[in-house]
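*Asks:* In numbering that gives the first Met the number 0, the protein residues as written are 0 to 204.
Ideal placement from N, C-alpha and C gives every residue a C-beta, glycine not left out.
Quick caveat, the model's predicted, so the values are computed rather than measured.
I have a structure I would like to understand better, so I am pasting it below and will then ask my questions one at a time.
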Amino acid sequence: MTTPTETPAATFTLIELPYEMSALAPNVSEETLRYHHGKHLQTYVNNVNNLISDTRFVTMTLEDIVRQADGSLYNNAAQVLNHNLYFLTLAPSSVAKHTPEGPLAAAIKRDFGSFEAMKVQLAKAATSLFGSGWVWLAENRNGNLVILSESNAGNPLRHGLTPLLGIDVWEHAYYIDYRNDRARSIDQLWDVIDWQVVEDRYGKH
Ligand code: MN
């Protein structure tokens, strides 16, 4: 309990989505979004706030907690960061930028051959990841792109890489809409990924 003269402990809050809950349907249904954002992500946010209370982590950014924490705090903090990145790369199909341009497009061509080839590789990593986890398009310090398969809450920051695009392959991300068909859920996700957001994250470190 803090008195009014003390600085309140930092707390993280649930991000607001920059689109309506129904705006990604049918690719991602309103029901999926309501559970994924309002229940799953909210729980991770609550857990982080409880776990950092009265610890050295309370003054840190979410990214620094993800870089430094272990165990339950790492898992929950990484899940908050992962979902923030994920939800903010999604946009209604009518407004999403469907193909990257500029330096990111050039890097994709250089490192994967083509945008289509990169998508195939990312989808393959997503469908073949065993159990729950994330696949990432990430950037190293030289601006090179890599695809990373991570179990559970794994985030590229742990490997000194910058996360650009994360695909959530936990069942909660797709089971309501696609049941067991993870491959189809990835296939349908491309249409609601906004490459403008991914471009804006590239080359920023
Ligand atoms: Mn999720």
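So residue 82 and residue 32 are in contact, right, with Cβ under 8 Å, and what is the actual spacing, rounded?
*Replies:* Along the sequence shown, read from residue 1 onward, the residue named residue 82 stands at position 83. Along the sequence shown, read from residue 1 onward, the residue named residue 32 stands at position 33. That belief does not hold up - the Cβ atoms of residue 82 and residue 32 are roughly 11 Å apart, past 8 Å.
*Asks:* Measuring only from the beta carbon, is residue 172 closer than 6 Å to any heavy atom that is part of ligand 1?
*Replies:* Here residue 172 refers to the residue found at position 173 of the sequence shown. It does: the Cβ of residue 172 is within 6 Å (strictly closer) of some heavy atom of ligand 1.
*Asks:* How many angstroms separate the CA atom of residue 202 from the CA atom of residue 142?
*Replies:* By 1-based counting over the sequence shown, the position of residue 202 is 203. By 1-based counting over the sequence shown, the position of residue 142 is 143. Taking the straight line joining both Cα atoms gives about 6 Å.
*Asks:* Work out the CA separation of residue 134 and residue 120 for me, nearest whole Å.
*Replies:* Mapped onto the sequence shown, residue 120 falls at position 121. Mapped onto the sequence shown, residue 134 falls at position 135. Approximately 10 Å between the Cα atoms of the pair.
*Asks:* Please indicate yes or no: does the CB of residue 135 lie closer than 6 Å to some heavy atom of ligand 1?
*Replies:* For this step, residue 135 is matched to residue 136 along the sequence shown. Answer for residue 135: no, Cβ out of range of ligand 1.
*Asks:* Taking the alpha carbon of residue 181 as the reference point, which residue from 193, 190, 166, 192 has its own alpha carbon closest?
*Replies:* Taking the sequence shown and counting its residues from 1, one reaches residue 181 at position 182. Among 193, 190, 166, 192, the Cα nearest to that of residue 181 belongs to 166.
*Asks:* Rounded C-beta distance between residue 92 and residue 186? I'm assuming under 8 Å.
*Replies:* Against the sequence shown, residue 92 aligns to sequence position 93. Against the sequence shown, residue 186 aligns to sequence position 187. That pair is no contact at about 14 Å.
*Asks:* Where does residue 133 sit, in a helix, a strand or coil, going by DSSP?
*Replies:* Here residue 133 corresponds to residue number 134 of the sequence shown, with the count starting at 1. Strand, per DSSP.
*Asks:* Extract the residue ranges of the alpha helix (DSSP H) inside the segment 151–192, only unbroken runs of 4 or more that lie entirely within it.
*Replies:* DSSP runs (the alpha helix (DSSP H)) wholly in the segment 151–192: 174–177, 181–188.
*Asks:* Leaving out five residues before and five after residue 15 in sequence, what residues of the same chain have Cβ atoms less than 8 Å from its Cβ?
*Replies:* Translated into the one-based positions of the sequence shown, residue 15 becomes position 16. Closer than 8 Å at the Cβ level, and outside the excluded window around residue 15, lies no residue.
*Asks:* State the DSSP-derived secondary structure class of residue 2, mapped to helix, strand or coil.
*Replies:* Against the sequence shown, residue 2 aligns to sequence position 3. Model confidence at residue 2 stands at a pLDDT of 49, short of 50, so the residue's coordinates are unreliable; what they give is reported in the following sentence. Of the three classes helix, strand and coil, the one that applies to residue 2 here is coil, per DSSP.
*Asks:* Can we say the segment 48–62 touches the segment 122–138, given the rule of at least three CB pairs closer than 8 Å?
*Replies:* The segment 48–62 is not in contact with the segment 122–138.
*Asks:* Need the endpoints of the alpha helix (DSSP H) that residue 119 sits in, please.
*Replies:* On the sequence shown, position 120 is the one that residue 119 refers to. Taken as a continuous stretch (DSSP letters only), the alpha helix (DSSP H) holding residue 119 covers 114–127.
*Asks:* In angstroms, rounded to a whole number, what distance separates the CA positions of residue 26 and residue 95?
*Replies:* Mapped onto the sequence shown, residue 26 falls at position 27. Mapped onto the sequence shown, residue 95 falls at position 96. Approximately 13 Å between the Cα atoms of the pair.
*Asks:* Compute the Euclidean distance between the alpha carbons of residue 280 and residue 198, then round it to the nearest angstrom.
*Replies:* Here the chain comprises residues numbered 0 to 204, so residue 280 is not present and cannot be evaluated.
*Asks:* Going by DSSP, what residue range makes up the alpha helix (DSSP H) through residue 107?
*Replies:* Reading the sequence shown from its first residue, position 108 is the one you call residue 107. It spans 101–111 - the alpha helix (DSSP H) in which residue 107 sits, taken as one unbroken run.
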